[in-house]
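Heads up: the structure comes next, in structure tokens.
Number of protein chains: 2
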Amino acid sequence: MTSQNLSVQVAINSWRLVMERTSKLFSGLTDDQLSKEVAPGKNRPIYLLGHLTAIHDAMFPILGLGDRLHPELDAIFVSSPDKTRTLPPVEELKKYWDAVNSKLLSQFATLSADEWLQRHYAMSEEDYAKDPTRNRLAVLLSRTNHMSYHLGQITLAIK
Amino acid sequence: MTSQNLSVQVAINSWRLVMERTSKLFSGLTDDQLSKEVAPGKNRPIYLLGHLTAIHDAMFPILGLGDRLHPELDAIFVSSPDKTRTLPPVEELKKYWDAVNSKLLSQFATLSADEWLQRHYAMSEEDYAKDPTRNRLAVLLSRTNHMSYHLGQITLAIK
Numbered sequence: 000m001t002s003q004n005l006s007v008q009v010a011i012n013s014w015r016l017v018m019e020r021t022s023k024l025f026s027g028l029t030d031d032q033l034s035k036e037v038a039p040g041k042n043r044p045i046y047l048l049g050h051l052t053a054i055h056d057a058m059f060p061i062l063g064l065g066d067r068l069h070p071e072l073d074a075i076f077v078s079s080p081d082k083t084r085t086l087p088p089v090e091e092l093k094k095y096w097d098a099v100n101s102k103l104l105s106q107f108a109t110l111s112a113d114e115w116l117q118r119h120y121a122m123s124e125e126d127y128a129k130d131p132t133r134n135r136l137a138v139l140l141s142r143t144n145h146m147s148y149h150l151g152q153i154t155l156a157i158k
Numbered sequence: 000m001t002s003q004n005l006s007v008q009v010a011i012n013s014w015r016l017v018m019e020r021t022s023k024l025f026s027g028l029t030d031d032q033l034s035k036e037v038a039p040g041k042n043r044p045i046y047l048l049g050h051l052t053a054i055h056d057a058m059f060p061i062l063g064l065g066d067r068l069h070p071e072l073d074a075i076f077v078s079s080p081d082k083t084r085t086l087p088p089v090e091e092l093k094k095y096w097d098a099v100n101s102k103l104l105s106q107f108a109t110l111s112a113d114e115w116l117q118r119h120y121a122m123s124e125e126d127y128a129k130d131p132t133r134n135r136l137a138v139l140l141s142r143t144n145h146m147s148y149h150l151g152q153i154t155l156a157i158k
């Protein structure tokens, strides 16, 4: 493995680890726990399940990995805060979560180390030229941190 | 910048971004908010401030960057759960947080990209040979995720 491949592998491992912990947590929560705010007045785990799925789904076009599976989630889980919209059934949301994350992981493996260091698609060529750290790898780390952030909150739903 | 340097730079940027967000959050919390559980029965932000400082301080020896600044924090913030020990004053804890993170960032800059991909010091040569992804970079990403996880919780202390 070249050094560059090794860096990318470490970053994908880190994503996978957080994703597996988050999946395990979601699977282990009862419907009651999923529907109870993580702290008074804050988001419910079921909302965070949809929110994380929507943000991960949006990684396909940002990373140049094709079309989204569930763009319809954005209106409910990104543009709207929790407790303002009717949510899809939890069983549907869990299926979307699995489908999006499983497809993402298999797509990650198709990118070469060089491609991970190229600009992401929410970035113009011009801006990338000014700051080459605004690449796909940066998106992966940013979304891993985002998932960790909400994982810390969802954990609070466990008694 | 070589590709390998670029990967490391992206990882350090990601650490710095989360660290700055966390620092800003701690600075903005009142003493009341720092002493109030983030959710009923859960940790207080003041405990998480000491906990994160202790875990970051432990990165010096793990990354081979020298001695710890505050090993005494472990007994209170790692081995003991919140609300079982008398904590240092918050002003002291904030000083430790700043000192540890500021020294870490300056030390990160002293490591070459190759050194980031070498084994970390909580790892034997033998185990590293089996799995070269268990390197310093993996420690950095893991601690960035850990900080993000608790950042998500501390945010709940804001009204």
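Line order of the protein sequences matches chains U and R. Just so you know, numbering that gives the first Met the number 0 puts the end of the first sequence at 158, numbered straight through with nothing missing. Just so you know, numbering that gives the first Met the number 0 puts the end of the second sequence at 158, numbered straight through with nothing missing. We put the CB at the ideal spot given by N, CA and C, even for glycine. None of these values were measured; they are calculated from a predicted model.
Counting only C-beta atoms, is T148 (chain U) closer than 7 Å to chain R at any point? Here residue 148 (chain U) refers to the residue found at position 149 when the first sequence is read from its first residue. Correcting the residue identity first, residue 148 (chain U) is Tyr in this sequence and not Thr. So, interface residue.
Less than 7 Å separating the beta-carbons of A156 (chain R) and V9 (chain R)? Taking the first residue of the second sequence as position 1, residue 156 (chain R) is located at position 157. Taking the first residue of the second sequence as position 1, residue 9 (chain R) is located at position 10. For A156 (chain R) and V9 (chain R), no; Cβs fall outside 7 Å.
In chain order, what residues of the same chain have a beta carbon less than 6 Å from the beta carbon of R135 (chain U), not counting five sequence neighbours either side? Here the question's residue 135 (chain U) lines up with position 136 in the first sequence. Cβ within range, chain order: L62, W115 and H119.
Taking C-beta to C-beta, are D73 (chain U) and A53 (chain U) nearer than 7 Å? As a first step, residue 73 (chain U) must be located in the first sequence, where it is residue number 74. As a first step, residue 53 (chain U) must be located in the first sequence, where it is residue number 54. Yes; because the gap between Cβ atoms is below 7 Å, this pair is in contact.
Pick out whichever of U:N100, U:K41, U:S105 and U:A108 has its Cα sitting closest to the Cα of H149 (chain U). As a first step, residue 149 (chain U) is located in the first sequence; it is residue number 150 there, counting from the start. The residue with the shortest Cα to Cα distance from H149 (chain U) is U:K41.
Option in R:L48, R:W14, R:G65 and R:G27 with minimal Cα separation from L92 (chain R): Position 93 of the second sequence, counting from 1, holds the residue named residue 92 (chain R). Nearest C-alpha to L92 (chain R): R:L48.
Only counting runs of 4 or more residues, tell me where the alpha helix (DSSP H) segments fall wholly within the segment 36 to 100 of chain U, in order along the chain. 44 to 56, 58 to 61 and 72 to 76
For P44 (chain R) versus L28 (chain R), is the C-beta spacing smaller than 7 Å? Position 45 of the second sequence, counted from the start, is the residue given in the question as residue 44 (chain R). Position 29 of the second sequence, counted from the start, is the residue given in the question as residue 28 (chain R). Result yes, Cβ atoms of P44 (chain R) and L28 (chain R) sit closer than 7 Å.
Look up R118 (chain U) in the DSSP assignment and say whether it is helix, strand or coil. The sequence position of residue 118 (chain U) within the first sequence is 119, counting from 1. Three-state DSSP puts R118 (chain U) in a strand.
From the DSSP output, read off the bridge partner residues of N134 (chain R). By one-based count along the second sequence, residue 134 (chain R) stands at place 135. According to DSSP, N134 (chain R) bridges with R:R118.
Which of helix, strand or coil does DSSP assign to S13 (chain R)? Sequence index remark: in the second sequence, residue 13 (chain R) carries index 14 (1-based). Here S13 (chain R) sits in helix by DSSP.
If we define contact as Cβ-Cβ less than 7 Å, is S13 (chain R) a contact residue for chain U? In the second sequence, the residue the question calls residue 13 (chain R) occupies position 14. True, the Cβ-Cβ gap to chain U drops below 7 Å.
Distance check for V77 (chain U) and R15 (chain U), CA to CA, integer angstroms please. Walking along the first sequence from the start, residue 15 (chain U) turns up at place 16. Walking along the first sequence from the start, residue 77 (chain U) turns up at place 78. R15 (chain U) and V77 (chain U): Cα-Cα distance of roughly 23 Å.
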